[in-house]
Amino acid sequence: MFERTTSLAGCLDAGGRDGAEGGRRLRIGEVRGTSLVQVGTWTEVHAACAAALARVCGCDPPASPRVATDRDAHRLYRIAPDQWWIATHDEALPATLEREIGAAGGAVTVLSDARVRLAIDGVAAKALLSRLVPLDLRDAAFPVGAFAQTGVHHAPALLDRIGAARYDLYVLTTYAVSTWEWTLDQALPFGYDVVVTAAADRSRPMNSTTRDSR
Amino acid sequence: MSERYSALALARHALTGAPWPRAWRRADPRPHYDVVIIGGGGHGLATAYYLAKNHRVTRVAVLERAVIGSGNVGRNTTLVRSNYLLDGNTQFFEHSLRLWEGLSHELNFNVMLSQRGQVVLAHGPAQLDVLARKGNVMRLNGIDAELLDRGEVQRLLPYLDFSAHSRFPIHGGLLQRRAGTVRHDAVAWGYARAASGLGVDIVENCEVTGFLRDGDRVIGVETTRGRIGADRTAISVAGHTSQVAALAGLRVPVESHLLQAFVTEPIKPFVDHVISFGAELFYISQSDKGGLVFGGHIDGFNSYTQRGQFPKVQTVAECAVALIPSISRLRLLRHWAGIQDMTPDGSPFIGRTPLRDLFLNGGWCYQGFKATPAAGWCFAHTLAHGEEHPLIEHLSLERFLAGNGHDEYGNGLWTYRQ
Amino acid sequence: MLRIPCPHCGERDYTEFRYGGDASKPRPAHDERDVRAWHDHVFVFANPRGPHREYWQHVQGCRQWLILERDTATNTVGAARLARDGAGA
Amino acid sequence: MSRGPQRLAHGGRIDRDRPIRCDFEGRPLEGFAGDTLASAMLASGIAIVGRSFKYHRPRGLFAAGVEEPNALVTVGEGGRTTPNLPATTLELRAGLRARRQNGWPSVTIDLGAMNGWLAPLLSAGFYYKTFMGPRRGSWMTYEPFIRRAAGLGRAVHERDPDRYHARHAFTDVLVIGAGPAGLAAALAAAAAGAEVLLVEQDPALGGALLAAPVTGPLEHWRAQLEAAVRATPTIEVLTRTTAIGVYDGRTVALLERHDHAAPDPERGAARETVVTLRARAIVHATGAFERPLLFADNDRPGVMLASAARTYLNRYAVAPGRRALVATCTDAGWLTALDLAAAGTAVTIVEQRDEVAPPLADAARGAGIEMHTGATVARALGARAVAGALVEPLAGGRGRRIDCDLLCVSGGWSPALHLTSHTGRKPRYHPELDAFLPGDWAAGDFGAGALVGAYSPPAAYASGLAAGRAAAAFSGHARAGRTPPAPADVDEPTTFATALAPPRHGRGRTFVDLQNDVTLKDVALAHAEGYGAVEHLKRYTTLGMGTDQGKTSNVNAIAMLASLDRRGIGETGTTTFRPPYTPVSVGALAARNLGRHFRPIRRSPLERWHLANGATMIEAGPWLRPWFYAWAGADVGSAYLEEMRLVRGGVGICDVSSLGKIDVQGPDAAEFLNRVYVNGFAKLAVGRARYGVMLNDDASVLDDGTTARFSERRYFMTTTTAQAGEVMSWLEFLLQTAWPELRVHVVSVTDAWAGMSVAGPRAREALERALPGVDVSNEALPHMGVREVALDGIPLRVLRLSFSGELAYELYVPANHGIALWEHLLDRGAPLGIKPYGLEALASLRIEKGHVAGLELDHRNTLDDLGLGKLAAHDKSYVGRALRARPALQAEDRWSLVGLECLDAGARLRGGSILFAAGDAIAGHGRGYVTSVTFSTVLGRTIALGLYQGGLRHRGEEIVCAFPLKDETVRARIVSPVFVDPEGTRLHV
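Residue numbers (this note's numbering), protein chains in the order written: chain S, 20 to 233; chain X, 2 to 419; chain W, 56 to 144; chain R, -15 to 973.
Structural data, given as structure tokens:
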């Protein structure tokens, strides 16, 4: 009865456009079906929460604030000294985390509907992103696996490099249409195809990258 | 010694080749003055002029660290206006505008007051109500103001973005026809020449390094050119208020911020009014030389560097194009930053300080230039009489202690709430 | 462009941050009722020309409030630490 | 094909296989790929390139690069019209349409030249001395004429059809300038292991080497360097890219130009791109500008910098004249003379020095060049073009006339230290070079080449190597690597700087600043009047303030000042150079942040439904919100009344998703809320909500909203739409700086939930129909009660609270289910007549109920002013409490919240009206003002909220509301701000 729709529902039939540089050098789209959970801890329960997180997700939460860790469907980001994000296509995970982290004394906030996950893929991905985010995207500074919280056109966003030419961008839901239109506008010279994928489409969806776009 | 300026005098000099005299005397500091004013900017020089002119106090020195007019009076966007809301501000800035209106004649120096009118835009009904309140207050105080609807703004300023692309459509505006621009450098030079003609010593390259004290009384200053005694000492050093006040052991409610200004290459007349965007802080006008002059918000952190950050340059350009799309093709020629005193309520301080015979004029935020004549006028009164002129009674240094903040724009703590 | 070394996220443009003013003034205790104490805290600034210790929040990053050392005469940026690891002076 | 009478048959870097025809003032102008508009004009024999700013004197090409002061042209048509572009920087391309400017009726015959006769009147700063009479305000009569006379080109008000981009970049070492020093630096830095970005404003690499003959050893070396650079993958080369500004943190703004090709905005091609580059280290290799010699009538067409003449000759294969006179004081002039002679031009050299190095003199003699040493030019002869020069011996004695149609000047070099000045480094004068060089270098900044006085190619190369290595080391790369190719067989003269003889004061005018028509006499006048400080001189005479920013005039003016003051140039100092280095399009700075994308739009998750169902949207801060719906009327004025009636009489539904929403969790959450809200939150029970107000430290009201408690450790806070971000940062500030001991997490969940308010006497019925199985009875869910339920497995938060004063519920559902729930509520409520209502009705309903909102919450108002003082707890501390006690904030006659009821039923009251007591004179600031107005459908008249001196102590009094902007006054009565249901019975049914 209750249909789930995303903020971009009306935007994704754009198809694609050829750019001034010739052809379509990007695939841009939405990744649907990602659940997103934020976990917060306090000093005295930090270890317990980390342990619970490791147990539930099957991998240790990253100590590094720059590189995510992942296991199966789950990808973990340390977004603040005492906070993690867990992105997953396992729809049951938020409830599990609420239970387990709650028991360990931490705080859980489900943000699945608070962010829209965009994917930018292709040979021109880095060039496009250099127009969107003020980050050092050179391989040494931002290798595959790295992520960063930053801003895209005045709105906060999390950029995750999940492949050599594949970047995912988590943007605030209420800014998503604006960010989407902004991204396509900036992508025009490179040419693009609009694609929609499901987070659960692949066995290791968070690591997937389209090899043909290298 | 100062020769009267006129078209006739110009013609005489042109024909005879006779040299023009110096605009202001080069003065060396004397050991003692009735009043020593620290700061040879617009405010300091105006204060000196009105001390001599209105109060016959002529044993006055203006001490300038570099050369006169090298601070904010030469680094602003030259706007003058009296569209103010709050009781006290309205009268003060109207007094200032009236002084501006007579200033070229008063000083015999053309400061080129151009009353081309300022339009402040509203981008929604609520914003227009706020402007209406201000316009009504102006009318009720005898100040010209007109409320414009969208169509009226479009007739007056057809080149603004009235298209369907506009992110913040124009809903209306408030026009003050008497508002306009002034040739900013001329203000410093004109006051300097007139004050000098009345006997004021303008001492350049003279930096104050300390205050001479007799208990809680200030009796003069220590400078790079020696000690100078004074019955009364005035600080008028926009941008450096905290630094100079600190020499007297005072801490003040001021933080120094960068405010950038911008000018394009000169072009034939393109914008005939002063226009203030309503969606973000941005204002634009065209100088008589032809450059479009514009500015925006402070850079957002305290600094004394007098240079701006590049992202703010981009932000201001975005506002310019959002307001006037055709400006896109014009080229920015120069941008620079002034050091601006920011205060918690956006209003300045003029008057006495906790130290006897030490007076302060500072904290002007965005409005120092347009206030120049009235600030000089009122500060001179204060220095001559030892107590505040009625027009500035609401601008005391201690007002926050009593809860008398004077927040013209309703923005709260200006210094970092942006 | 100021580049601020966020202890969590690394060096970033200052545009990702929000300036929060002088961090060297200790905040009065929550139940302090003395008007002068709060007045001085809220309204009075040292505003030095030179080294300055100040708050910035990485609003577009980890949302942490930082204490940054910066020279206001040169805009030279020094070290930053998390405010929660120990507030100002 | 010759492409112009002055085009040489051979040589140059032009591509003779690619002829180009463009449009010059309606006539075809021909040239080749590789030409600039200037070189094509020169080849075609166009001598007058513009008219001067003030005196409208004819001017010719003076330079060959960005420093050109004279040849400013207007390019393009319609929205692409671009004034004031130096022809010397415009690459010739098909489709280019250019015209000269500042002449009427034309540049060739310009009546404005009559200004020249008035020159004695139009001395520096003349306008400060006149135009003041006869009356105050007379300036306004003169100003339009001045304004029309001023300004260079003419701009249009059409929209610019082109695109501009902006991007970010990072590099280890930035090298600015691809002359010999820059090329060497880039190669050295790359060899040390650094990533290098090499930027060059010119389309080609080589800098000054591009002016050398294409068959000589210098070109061979240049080609070697270029090949090495191109073959190094870690060097990224950006040509046609200018470093326009250097900012703090070694951030450099670059401008990439793409307009050498025809624009294609439809497919996303940009005309220009601004790059914000952060570099670990910078090598400045920006070169130097040649300095002109000054003499009377030095502005005649045909007077040209010697380096420019050499560039036109060797790079563009254009003979800049048939009979050349080269006036010089350095070896640079001799290079030009030799090259001109080799191309068959008759050449005379006038050298200020008594002797030059023998190889030069021998070469000149061998080339048949006539030489005059120890002499200088006193005056250029000719009217509309140079016809000769008056040459005088420096030692004294009679001068003689030498005929020429090209007068090359070479007065030494001024390093291009603009960029190094941008970050506040003061230039320092070096008398041995007669030049200002960059002052103290900042850590990470390095200089090379002519910029640091290493003028000759071998010296530039050596300094480039050193700077490149040092920069790489600073960026953390110090690998030993290959040394780039050194110049072989390059036997260049090395004396590029000598002391300059003072200008000759003959008859006629000597121009220091060609673009702004500033003469030596103006400088002397300004000095005599006391404007002798460099900054004063600049402002008084406008010297150096043109579009060329004084690149060829600055040092000559300072030298003049110094001689007037009888002191050194170093003591006189220099002006501050400001960014940008060369003018930059405002459009490029704005990039794509324009039109709808000027700022992002925040959208409700329900927006698609609104747009599909007749909503008219309105901007509310960053948000777009439904203003009113078509079902209720065609315009807002009628629609909102219909929507209000719906809510007061039945049930309506309103999108409140924009409210700020914050998840507050933790063991200390109750204590935290109790500290930030003025009212008590410590004892709020689970399942209940409470309205709260927050203050700033200065006691002004920060925000209000409702916070609900869903569990022992979990709260759901709502804020106003406008203050959501502010509140979030403030809460984080308090938790992280003031109270780090509190175990609380705050997370913004504004985007996570769609919010909708179901309001009206039939709201409960609507919910009962929509949420079967959820007990929403008054007992189960009383006013300010909250419930978490699930609907079809979807979590749903139901908060019974009211903004409108009616029985109302706020429902929150995960954003992606928002539309489904909204449609479900409309569907199930259809039999009850449920319909959506918009922002105007929402705002009006709250006025009827006396709730304060944005127009009342403006930082000037205290809790008490808003009638909320009674909320504040007495038995606890809260943020802002101490400063709230200040006497002026507690004064009884403060302006505080009142309701206003219009006494005349048909009268219109406007927001922003000023309030007066009956009998007051209608003047001054009044006793208050109207904040919010609406027509009350319940009361059948206009009502308002306002702030009034003394507030409700004046309840029942009749007052006057003045709106002088429309000459209106309206009578009103002060009443309670709660117009509807003051007892609140409707809330508790």
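Idealized CB from N, CA, C, for every residue including glycine. Here the structure is a predicted model, which means the values were calculated and not measured.
Can you round the beta-carbon distance between X:Ser257 and X:Ile340 to whole angstroms, since I take them to be within the 8 angstroms contact cut?
Indeed, because the Cβ distance is near 5 angstroms, the residues count as touching under 8 angstroms.
Please confirm if R:Gln707 has its CB atom under 9 angstroms from at least one CB of chain S.
It does not: the Cβ of R:Gln707 has no partner Cβ on chain S nearer than 9 angstroms.
Return the Cβ separation of S:Glu49 and S:Leu72 in integer angstroms, given the expectation that the two are a contact with Cβ distance under 8 angstroms.
In fact, because the Cβ distance is near 27 angstroms, the residues do not count as touching under 8 angstroms.
Counting C-beta neighbours from all protein chains within 10 Å, is the total for R:His972 16 or more, i.e. buried, or is it exposed?
R:His972 should be labelled exposed.
Helix, strand or coil, according to DSSP, for W:Glu87 in the structure here?
Looking at W:Glu87 - three-state DSSP - the assignment turns out to be coil, as it is neither helix nor strand.
Answer with yes or no whether the minimum CB distance from R:Asp387 to chain X is below 9 angstroms.
False, the Cβ-Cβ gap to chain X never drops below 9 angstroms.
By the criterion of Cβ-Cβ separation under 8 angstroms, what are the contact partners of R:Ala866 in chain W?
In chain order: Pro83, Glu87, Arg88, Asp89, Val90, Ala92, Trp93.
If you draw a straight line from the alpha carbon of W:His96 to that of X:Pro254, how long is it in whole angstroms?
Those two C-alpha atoms are separated by around 10 angstroms.
Counting only runs that start and end within the segment 629 to 670 of chain R, where is the alpha helix (DSSP H) found for 4 or more residues in a row?
Runs found: 653 to 660.
Starting from the Cα of X:Phe302, find the closest Cα among W:Gln119, W:Tyr110, W:Gly116 and give me that residue.
For X:Phe302, the nearest C-alpha among the options comes from W:Tyr110.
Could you tell me the distance, in whole angstroms, from the CA atom of X:Leu248 to the CA atom of R:Ala280?
Going from the Cα of X:Leu248 to the Cα of R:Ala280 covers about 52 angstroms.
For a quick check, are the C-beta atoms of S:Tyr194 and S:Leu203 less than 9 angstroms apart?
No.
By how many angstroms is the C-alpha of R:Ala708 removed from the C-alpha of R:Leu852?
Rounded to whole angstroms, R:Leu852 to R:Ala708 spans 20 angstroms at the Cα level.
Would you mind sorting X:Asn206 into buried or exposed? The rule is 16 or more other CB atoms within 10 Å of its CB.
Per the 10 Å Cβ criterion, exposed.
Determine contact between the segment 61 to 72 of chain S and the segment 158 to 165 of chain S, defined as no fewer than three beta-carbon pairs at a distance below 8 angstroms.
Contact fails: fewer than three Cβ-Cβ distances are below 8 angstroms.
Between which two residues does the beta strand (DSSP E) carrying R:Met601 extend?
Counting along the chain, the beta strand (DSSP E) containing R:Met601 begins and ends at 599 to 604.
With a floor of 4 residues, list each alpha helix (DSSP H) that falls wholly inside the segment 58 to 103 of chain W, ordered by position along the chain.
Segments of the alpha helix (DSSP H) lying fully in the segment 58 to 103 of chain W: 90 to 98.
Using the C-alpha atoms, what's the distance from S:Ala217 back to X:Pro267?
Cα to Cα, the separation comes out at about 56 angstroms.
Report all residues from its chain with a CB closer than 6 angstroms to the CB of R:Gly934; omit the five preceding and five following residues, and keep chain order.
Hits under 6 angstroms: Asp877.
Between X:Asp217, X:Leu122, X:Val238, X:Ser115, which has its C-alpha nearest X:His185's C-alpha?
When each option's Cα is compared against that of X:His185, the closest is X:Ser115.
Count the other CB atoms within 10 Å of the CB of R:Phe700; is the residue buried (16 or more) or exposed (fewer)?
R:Phe700 should be labelled buried.
For R:Asn298, which residues in chain X fall below 7 angstroms Cβ to Cβ?
Near R:Asn298 there are no residues of chain X at all, since even the closest Cβ is about 30 angstroms away, more than 7 angstroms.
Compare the C-alpha of R:Ile1046 against each of R:Asn762, R:Arg771, R:His801 and name the closest.
Chain R is shown from -15 up to 973; residue 1046 of chain R falls before or after that span and cannot be answered.
Answer yes or no: does any C-beta atom of chain R fall closer than 9 angstroms to that of X:Leu398?
So, not an interface residue.
Spell out the partners DSSP gives R:Ser569 in its beta bridges.
R:Ser569 pairs with X:Arg332.
Please confirm if R:Thr969 has its CB atom under 9 angstroms from at least one CB of chain X.
Cβ-Cβ to chain X under 9 angstroms: no for R:Thr969.
So with CB distances below 7 angstroms, who are the chain R contacts of X:Val322?
What X:Val322 touches in chain R: Val570, Gly571, Ala574, Leu578.
Tell me the DSSP secondary structure of X:Met113 in three-state form.
Looking at X:Met113 - three-state DSSP - the assignment turns out to be coil, as it is neither helix nor strand.
Tell me whether R:Pro469 sits in a helix, a strand or coil according to DSSP, three-state version.
Three-state result, R:Pro469: coil.
Is the beta carbon of R:Leu893 sitting closer than 9 angstroms to the one on R:Val954?
Yes, Cβ-Cβ distance for R:Leu893 and R:Val954 is below 9 angstroms.
At least one CB of chain R closer than 9 angstroms to the CB of W:Gln115: is that the case?
For W:Gln115, the answer is no, since every Cβ of chain R falls outside 9 angstroms of its Cβ.
Just to make sure I have the definition right: I need the residues of chain S whose C-beta is within less than 8 angstroms of the C-beta of W:Arg118. Which are they?
Result: Ala99.
Between the segment 800 to 819 of chain R and the segment 886 to 905 of chain R, do three or more beta carbon pairs fall short of 8 angstroms?
No: fewer than three Cβ pairs fall under 8 angstroms.
Out of S:Pro153, S:Ser197, S:Leu188, state which residue places its alpha-carbon closest to the alpha-carbon of W:Thr70.
Nearest option by C-alpha distance: S:Pro153.
Taking R:Gly689 as the reference, which of R:Arg674, R:His204, R:Ile219, R:Thr312 has the closest Cα?
Measuring from the Cα of R:Gly689, the nearest candidate turns out to be R:Arg674.
So is X:Ala196 in contact with chain R if we call contact Cβ pairs under 9 angstroms?
No, its Cβ sits nowhere closer than 9 angstroms to a Cβ of chain R.
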